[in-house]
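Enquirer: Going by full-length UniProt numbering, the final residue of the sequence shown carries number 351, and the count climbs one at a time with no gaps.
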Amino acid sequence: MLSCAPRRPDGTLVRQLLTWTRRAVAAVPHESSRARTSTTTGAPPSQEVGELNHSRIPRLRTALAVAGAAALATTSLTTHSAGAATPGPAVTPTAAALASAQRALDADAAVPGTTTYVDHAAGKVVVTVDRTVEGAALVKVRDAVAALGDRATVKRTAGTLRPLVAGGDAIWGSGVRCSLGFNVTKGGKPYFLTAGHCGNASASWSESQGGSRIGTTEKASFPGNDYALVKYTATTDHPSAVDLYDGGRQEIAKAGEATVGEHVSRSGSTTQVHDGEVTALDVTVNYQEGQVTGLIGTTVCAEPGDSGGALFDGDTALGLTSGGSGDCSSGGETFFQPVPAALGALGARLP
Numbered sequence: 001m002l003s004c005a006p007r008r009p010d011g012t013l014v015r016q017l018l019t020w021t022r023r024a025v026a027a028v029p030h031e032s033s034r035a036r037t038s039t040t041t042g043a044p045p046s047q048e049v050g051e052l053n054h055s056r057i058p059r060l061r062t063a064l065a066v067a068g069a070a071a072l073a074t075t076s077l078t079t080h081s082a083g084a085a086t087p088g089p090a091v092t093p094t095a096a097a098l099a100s101a102q103r104a105l106d107a108d109a110a111v112p113g114t115t116t117y118v119d120h121a122a123g124k125v126v127v128t129v130d131r132t133v134e135g136a137a138l139v140k141v142r143d144a145v146a147a148l149g150d151r152a153t154v155k156r157t158a159g160t161l162r163p164l165v166a167g168g169d170a171i172w173g174s175g176v177r178c179s180l181g182f183n184v185t186k187g188g189k190p191y192f193l194t195a196g197h198c199g200n201a202s203a204s205w206s207e208s209q210g211g212s213r214i215g216t217t218e219k220a221s222f223p224g225n226d227y228a229l230v231k232y233t234a235t236t237d238h239p240s241a242v243d244l245y246d247g248g249r250q251e252i253a254k255a256g257e258a259t260v261g262e263h264v265s266r267s268g269s270t271t272q273v274h275d276g277e278v279t280a281l282d283v284t285v286n287y288q289e290g291q292v293t294g295l296i297g298t299t300v301c302a303e304p305g306d307s308g309g310a311l312f313d314g315d316t317a318l319g320l321t322s323g324g325s326g327d328c329s330s331g332g333e334t335f336f337q338p339v340p341a342a343l344g345a346l347g348a349r350l351p
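Structural data, given as structure tokens:
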């Protein structure tokens with residue numbers, strides 16, 4: 001238990017005390033003046049002197065007591081104020097508080113071209129805005145962030161956030177090109193995973209432009225999530241492996257959850273294989289087409305046509321390419337649908 005000792009008056013207080021004392025003494029009439037007053041009033045000089053000697057002591061003591069009490073009170077107030085002014089330790093928001101703040105921003109700052117995620121190391125929710133977010137939309141985002149005080153911050157990201165779908169080779173749909181993610185099974189039948197926005201864009205798929213159909217989209221979820229399940233309708237090779245575009249393959253044995261700081265690789269039909277690092281989890285991305293939640297944020301680059309492609313770490317399947325900003329020349333951010341969540345929702349499993 002802490003005890004508070006009175007602080008010694010400083011030099012200013014001592015000088016003030018002496019000033020009050022001098023004024024108190026000066027206020028007490030001198031003997032000679034009291035004697036002169038007695039002649040005027042008719043009181044005997046000897047009696048007046050006696051009264052003067054008797055009354056001076058308590059009056060002086062009273063003056064000193066008042067001055068001392070005032071000094072002590074001032075010292076006490078000064079000590080209290082100094083204690084009150086001492087800043088307390090910084091309080092780091094809890095994970096639950098940050099998650100709540102992110103949900104608030106997902107609702108209040110749901111502007112196309114933005115993302116939100118929790119930076120647990122910094123103890124903040126980070127809102128990124130791409131170059132399309134301007135004017136009233138930018139004001140809306142900044143106001144929503146300002147309402148959360150120190151729990152949130154805004155930063156700019158290069159390029160434009162978009163799903164990475166394009167026309168080209170790899171798996172072909174109705175005028176779109178995407179990338180195959182992972183081969184899976186459901187009910188003992190062969191399927192593959194790709195991005196939900198790819199599944200929404202086409203009901204059937206082929207291995208080449210204008211080629212024979214190899215599969216049909218059975219289920220797609222986008223926005224909200226970004227995964228699709230395509231059922232193989234033709235006899236074709238469907239190994240549990242990822243194409244490394246160097247003549248080799250990476251065998252996939254299991255699905256797992258990504259972790260912040262993890263070194264990861266991505267394979268896609270446009271830019272082939274690129275590496276990077278996981279920067280955030282449970283990211284919310286606001287595309288022009290709608291909001292997607294629960295994504296993995298990374299520094300891996302990607303470009304249109306890489307959508308649906310595999311994110312992996314060794315033999316572990318981690319994600320499906322959703323979208324991002326920038327490209328593989330200038331860099332940028334790319335986001336991925338977690339594979340375990342997709343498998344659980346679709347009732348599928350790795351072979």
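Idealized CB from N, CA, C, for every residue including glycine.
Decide if P239 is buried, meaning its Cβ has at least 16 other Cβ atoms within 10 Å, or exposed.
Expert: Exposed, by the Cβ-count rule.
Enquirer: Let's see if you can read the secondary structure: which residues bound the beta strand (DSSP E) around N183?
Expert: N183 -> beta strand (DSSP E) spans 183-186.
Enquirer: Along the beta strand (DSSP E) that carries S322, what are the first and last residues, could you check?
Expert: Note, S322: beta strand (DSSP E), 316-324.
Enquirer: Identify the continuous beta strand (DSSP E) that holds N225 and give its terminal residues.
Expert: From DSSP, N225 is part of no beta strand (DSSP E); its letter is neither H nor E.
Enquirer: DSSP has I296 in a bridge; who is on the other side?
Expert: DSSP lists F336 as partners of I296.
Enquirer: In terms of alpha-carbon separation, which member of R162, T236, S212, V127 lies closest to T153?
Expert: T153 has its Cα closest to that of V127, out of R162, T236, S212, V127.
Enquirer: Please look up how many angstroms separate the CB atoms of residue 353 and A158, rounded, as I've assumed it's under 8 angstroms.
Expert: This structure leaves residue 353 out entirely; the chain is present only between 1 and 351.
Enquirer: How is A255 classed by DSSP in three states: helix, strand or coil?
Expert: Three-state DSSP puts A255 in a strand.
Enquirer: For E218, which beta-bridge partners are listed by DSSP?
Expert: Answer by DSSP bridge pairing: none, since E218 is not bridged.
Enquirer: Considering only C-alpha positions, which residue in the set A310, S330, A137 is nearest to D243?
Expert: Cα-wise, what sits closest to D243 is A310.
Enquirer: Could you check whether the Cβ of D106 sits closer than 8 angstroms to any Cβ belonging to chain D?
Expert: Structure shown: chain D not included; a single protein chain is present.
Enquirer: Give the DSSP-derived three-state secondary structure of S208 in the structure shown.
Expert: S208 falls in the coil class under three-state DSSP.
Enquirer: Taking C-alpha atoms, which residue in V278, Q291, L318 lies nearest to D119?
Expert: Closest option to D119, Cα to Cα, is V278.
Enquirer: May I ask you to check if the CB of V278 is nearer than 7 angstroms to at least one heavy atom of the ligand ADP?
Expert: This structure does not include the ligand ADP; it has no bound ligands of any sort.
Enquirer: Just verifying my parser: in three-state terms, what is the DSSP assignment at S100?
Expert: The answer is helix: DSSP assigns S100 an H, G or I state.
Enquirer: Considering only residues of the UniProt domain "Peptidase S1A alpha-lytic prodomain" (94-145), which uninterrupted beta strand (DSSP E) runs meet the minimum length of 3 residues and lie entirely inside it, listed in chain order?
Expert: Within the UniProt domain "Peptidase S1A alpha-lytic prodomain" (94-145), the complete beta strand (DSSP E) runs of at least 3 residues are 114-119, 124-129.
Enquirer: Measuring CA to CA, which of D313, A258, V260, V285 is closest to I252?
Expert: The option with the nearest alpha carbon to I252 is D313.
Enquirer: Mapping the DSSP letters down to three states, classify S238 as helix, strand or coil.
Expert: Looking at the sequence shown, residue 238 is not Ser but His. H238: coil per DSSP, three-state reduction.
Enquirer: The beta strand (DSSP E) that contains G268, what's its start and end?
Expert: Here the beta strand (DSSP E) through G268 covers 263-268.
Enquirer: Considering only the alpha carbon of each residue, which of G187, R151, L105 lies closest to A95?
Expert: Cα-wise, what sits closest to A95 is R151.
Enquirer: Find the nearest neighbour of N225 within the set H197, K124, Y245, judged by alpha-carbon distance.
Expert: Comparing Cα positions, the closest option is H197.
Enquirer: Assuming R162 contacts A170 under a Cβ cut-off of 8 angstroms, what Cβ separation, rounded to an integer in Å, is found between them?
Expert: Their Cβ separation, rounded to whole angstroms, is 18 angstroms, which puts R162 and A170 out of contact at 8 angstroms.
Enquirer: Following the continuous alpha helix (DSSP H) through G199, name the residue where it begins and the one where it ends.
Expert: First-last of the alpha helix (DSSP H) with G199: 196-201.
Enquirer: What does a CB cutoff of less than 6 angstroms around D130 pick up in its chain, not counting 5 residues either side in sequence?
Expert: G113, T157, T160, L161, S325.
Enquirer: Under DSSP, the beta strand (DSSP E) around G276 begins and ends at which residues?
Expert: Where G276 is concerned, the enclosing beta strand (DSSP E) stretches over 272-287.
Enquirer: Helix, strand or coil, according to DSSP, for L343 in the structure here?
Expert: Reduced to three states, the DSSP call for L343 is helix.
Enquirer: Among the residues of its own chain, which have a CB less than 6 angstroms from the CB of D108, if the five just before and after it don't count?
Expert: Here the set comprises A144.
Enquirer: By how many angstroms is the C-alpha of L193 removed from the C-alpha of E218?
Expert: Computed Cα separation, rounded: 10 angstroms.
Enquirer: Once you ignore the five residues that flank Y245 on each side, which residues in its own chain have a CB closer than 6 angstroms to its CB?
Expert: So the qualifying residues of the chain are Q272, V273.
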